[in-house]
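Some notes on the structure that comes next.
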Amino acid sequence: MRKLSILICAALLLTMAQTASAMVVAPTEFADGCYCVKLEGSYGVPAPASVQLAPNGYEIQVDAQVCKNGEDIDVTILSSNPGVTIDELEFISLYQEFIEISANGTCAMGHTFNGTMYLTGDGQNYASTYATGTLDGQIPLVGDFTVTINECENSIPEFPTIALPVAAIIGLAFFMQRRKD
């Protein structure tokens with residue numbers, strides 16, 4: 001009887017383990033392509049510090065183009081508000097359910113900062129679940145951010161937009177050559 005009880009318990013545990021492993025859902029990757037990203041939010045010091053900061057922390061606004069190709073995620077265009085200059089923005093992970101971003105730059109008054117943001121969302125709109133960093137490599141920062149991701153519109157220039165300047169350059173080259181002769 002004891003052996004039967006152990007066998008039943010083992011079978012139940014095995015069944016529960018298989019059910020639990022089947023419930024784990026892999027995150028959904030973004031398709032390869034370029035995405036326009038808008039990041040907004042602020043970093044601030046959680047406790048009083050010896051460095052004088054802006055009253056509400058540092059407001060950050062970033063517009064970027066992020067291109068994904070397989071496992072490679074590159075930031076190809078980056079612009080930020082003048083008060084806080086983002087020098088480097090890296091997408092550590094880019095999934096429909098969550099993204100993780102690392103950033104560093106220079107705040108107003110010349111202070112340097114670095115930080116990491118983890119955001120959850122629905123494939124277009126994300127909100128930070130945590131955002132931490134340091135100011136001048138020493139002072140801890142916390143933040144609150146939102147990110148909006150949309151597919152970028154890559155418009156192909158019309159034929160005349162390319163052909164007319166090329167024709168003008170070729171025409172000038174022939175004209176200049178003819179004048180030399």
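Letter 26 of the sequence shown, counting from 1, is numbered 26 in full-length UniProt numbering, and no numbers are missing. From the three backbone atoms N, C-alpha and C, an ideal C-beta is built for every residue, glycine too. Note that this is a predicted model, so its numbers are computed, not measured.
**Asked** Thinking C-beta only, is S80 closer than 8 Å to I92?
**Response** no
**Asked** Mind checking I77: buried by the 16 CB within 10 Å criterion, or exposed?
**Response** exposed
**Request:** Please classify L119: is it buried, with 16 or more other beta-carbons within 10 angstroms of its beta-carbon, or exposed?
**Result:** buried
**Message:** Short of 8 Å in beta carbon distance, which residues of its chain neighbour A31, apart from the five on each side in sequence? Order them along the chain.
**Reply:** K68
**Request:** Return helix, strand or coil for A31, following the three-state DSSP convention.
**Result:** Residue state for A31 is assigned as coil, using DSSP reduced to three classes.
**Prompt:** Based on the DSSP secondary-structure assignment, which residues constitute the bridge partners of E100?
**Reply:** S93, Y118
**Prompt:** Counting contacts by CB-CB distance shorter than 8 Å, is L39 in contact with chain D?
**Reply:** The question asks about chain D, but that chain is absent: this structure has only one protein chain.
**Prompt:** Among the residues of its own chain, which have a CB less than 7 Å from the CB of L89, if the five just before and after it don't count?
**Reply:** V62, A64, V75, L78, I101, A103
**Request:** Could you work out which residue in I139, A168, G33 is closest to G70 when comparing CA atoms only?
**Result:** Its Cα nearest to that of G70, the residue G33 stands out among I139, A168, G33.
**Asked** Would you report the Cα separation of T116 and T106, rounded to the nearest angstrom?
**Response** 15 Å
**Request:** Sort G133, G123, F174 by Cα distance to V45 and report the nearest one.
**Result:** G133
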